[in-house]
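Numbering (my numbering), first residue to last: -18 to 281.
Each residue gets a CB set at the ideal place from its N, CA and C atoms; glycine is no exception.
From a predicted model like this one, the values you see are computed outputs, not experimental measurements.
So the structure is just underneath, and the comments pick up after that.
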């Protein structure tokens, strides 16, 4: 009798097949069996005391629900169960991805106090045990951060925002993954500069992206997003340049070219080339007038 009781207890507590004995749990069981957590039994994450388990069982027998009732925002799996495996070293599950060095998780949980299940356990359309957030899941909270950049509307948020930058904003190298050469892309993947574990821009998007070259000795070593704002519908223009170069209009012949002639900054200062050199001036300036030394232009 004792052996039978032990086997029954072990089956109900440690075998996920017990959970699927209730037909309501079959979709959840099937999703679990396909997930990265398929080697973990239900009770390691869904912890209930014996009285709580008995109460659920009695409720099921008496009321025979046909659907799983909504939780109304209740936390299904508290964060303390997640970090048992996903923090530092866990002997039982050593391959579990660790978050103790993750800036993304530091920002969302430790600073904002957002529960793990808010992002990794969101249930929609009957989906459960799908632990990787959907491509545009982030905009549920970041409602003003839809992407409007040309050709970027379908990209997943995590294509650009990863743990590899301090403020989670994409660094220049991240942008060059699509906007740089194939050699740069291979180089970035080889030295793991970029995190493409879950999301990587589709080849079609990479192929269509405008390719640029940024000089390594460019005088302004800032991120691309200082000028390019993919979350707005406004393209970089004259006003964007003046936000940093507010007094340049009074330098040399700028007032003549910008205010009198109506030229944009980028008509002379080609994006990503940064400087008007003598060599470049012989091509750019002579489109409108005969060649003049750039230094004389600056001196007025």
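- With a beta-carbon spacing of about 18 Å, residue 186 and residue 153 fall beyond the 8 Å limit used to define contacts.
- Taking 4 residues as the minimum length, the alpha helix (DSSP H) runs contained wholly in the segment 139 to 194 are 153 to 160, 163 to 171 and 184 to 189, in order along the chain.
- In the displayed model, residue 226 falls within coil according to three-state DSSP, outside both helix and strand.
- A direct Cα-Cα distance of roughly 51 Å separates residue 209 from residue 0.
- Beta-carbon to beta-carbon, residue 150 and residue 206 are separated by about 6 Å, close enough to satisfy the 8 Å threshold.
- Pairing residue 266 with residue 242, the inter-Cα distance amounts to about 13 Å.
- Take residue 129, set aside five residues on each side of it, and the residues of its chain with a beta-carbon closer than 8 Å to its own are 211, 212, 213 and 214, in chain order.
- The C-alpha of residue 93 is placed about 10 Å away from the C-alpha of residue 86.
- Excluding the 5 residues flanking it on each side, residue 78 has same chain C-beta neighbours closer than 8 Å at 67, in chain order.
- A straight-line Cα-Cα distance of about 13 Å links residue 260 and residue 249.
- A distance below 7 Å separates the beta carbons of residue 272 and residue 263.
- Collapsing the DSSP output to three states places residue 221 in a helix.
- The continuous alpha helix (DSSP H) containing residue 100 extends over residues 97 to 101.
- Ranking 28, -3 and 29 by CA distance to the CA of residue 14 puts -3 first.
- In this structure, residue 138 places its C-beta atom within 7 Å of the C-beta atom of residue 119.
- Out of 8, -8 and 38, the CA that lies nearest to the CA of residue 110 is found in 8.
- For residue 262, the enclosing alpha helix (DSSP H) has its first and last residue at 259 to 265.
- Check the Cα spacing between residue -7 and each of 123, 25 and 121: the tightest is with 25.
- Residue 44 and residue -12 have their C-alpha atoms some 28 Å from each other.
- With a cutoff of 7 Å on beta-carbon distance, residue 30 and residue 58 are scored as not near each other.
- Boundaries of the alpha helix (DSSP H) around residue 60: 60 to 67.
- Excluding the 5 residues flanking it on each side, residue 88 has same chain C-beta neighbours closer than 8 Å at 149, in chain order.
- Residue 140 places its beta carbon less than 7 Å from that of residue 182.
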